[in-house]
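Residue numbers (our numbering): 364 to 540.
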Ligand SMILES: [Zn+2]
C-alpha cells in the first residue's frame, strides 16, 4: 500500500464521492416574516416601511438595513411589478414546474423599493427586458399556504416599460399613480 490516505482499490486517487442527504427542518419565521406569510396566505403582498428613510422592504425583516431602525408600519403592495434584472435558466431545477429554458427575475412590486426573486412565464424569453411590467399569476386559492409560491409565476402586462431611473420607485398604484 503506497498511500493509505488517498489511494483506492484500483490505485486511482479518490477525488470525491456522492453522498445524497435529506434535511428536514423547521424554520421559525420571526415576527415580521410571520405577518408577511400570514398575509400572503390571504393573497396579499405586504412590506414594511422604514420610519426614517421611507424605504419599503419585501419580504420585511423587521428592520431597515440602511438605517438600523425597526420597521413596524405594514404596507400593502400591489401584485404588479417591474423587472429589475433577470436571467434565463437553461438547466432543470428539481421541483420547478416550469421546463427550461425559463426566466428568473428580480421583480420590484409596486409600492416597494426592493425586489423579490420569482419566475417569469407566459412570455417569449427573448423579449424579457429590464423595466418590463409584469403581474402575479396566483395558484388556486385552495392551494394557498404560508409561502411566496402562492404566486405560481409572474407574466408580462400590457403596460409601458418603466424607465430605469423609476424602477423601485413606483407607488402602489403603479406607473400612472
Ligand atoms: Zn431606513
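Backbone N, C-alpha and C define an ideal beta-carbon position, used for all residues, glycine too. These numbers come from a predicted model, not from an experiment.
Residue 440 versus 529, 401, 411, residue with shortest Cα-Cα distance: Locating residue 440 in the chain shown gives position 77, where the first residue counts as 1. Residue 440 has its Cα closest to that of 411, out of 529, 401, 411.
Classification of residue 457 by the beta-carbon crowding that lies within 10 angstroms, buried from 16 upward: Locating residue 457 in the chain shown gives position 94, where the first residue counts as 1. Burial call: exposed.
Alpha helix (DSSP H) runs wholly inside the stretch 388-423, at least 4 long, in chain order: Inside the stretch 388-423, DSSP marks whole alpha helix (DSSP H) runs of 4 or more residues at positions 394-403, from first to last along the chain.
C-beta atoms of residue 468 and residue 500 nearer than 8 Å: Within the chain shown, residue 468 is the residue found at index 105, counting from 1. Within the chain shown, residue 500 is the residue found at index 137, counting from 1. No.
Buried versus exposed call for residue 413 [16 or more other C-beta atoms within 10 Å across all chains shown]: Your numbering for residue 413 matches position 50 in the chain shown. That one is buried.
Bridge partners - residue 444, DSSP secondary structure assignment: As a first step, residue 444 must be located in the chain shown, where it is residue number 81. 472, 497, per the DSSP bridge assignment.
Where residue 409 falls, given that 16 or more other Cβ within 10 Å makes a residue buried: Numbered from its first residue, the chain shown carries residue 409 at position 46. So residue 409 counts as buried.
Cβ-heavy atom distance, residue 415 to ligand 1, below 7 Å: For the purposes of this step, residue 415 is taken as residue 52 along the chain shown, with counting starting at 1. Residue 415: yes, Cβ under 7 Å from ligand 1.
Inter-residue Cα distance where the pair is residue 373 and residue 459: Taking the first residue of the chain shown as 1, we reach residue 373 at position 10. Taking the first residue of the chain shown as 1, we reach residue 459 at position 96. The alpha-carbon separation between residue 373 and residue 459 amounts to approximately 40 Å.
CB contact flag (residue 479, residue 464, <8 Å): Here residue 479 corresponds to residue number 116 of the chain shown, with the count starting at 1. Here residue 464 corresponds to residue number 101 of the chain shown, with the count starting at 1. No, they are not a contact pair.
Buried versus exposed, by CB contacts within 10 Å (16 or more), residue 390: Along the chain shown, one-based indexing puts residue 390 at 27. Exposed is the call here.
C-alpha gap between residue 472 and residue 442, whole angstroms: As a first step, residue 472 is located in the chain shown; it is residue number 109 there, counting from the start. As a first step, residue 442 is located in the chain shown; it is residue number 79 there, counting from the start. Between the alpha carbons of residue 472 and residue 442 lies a distance of about 6 Å.
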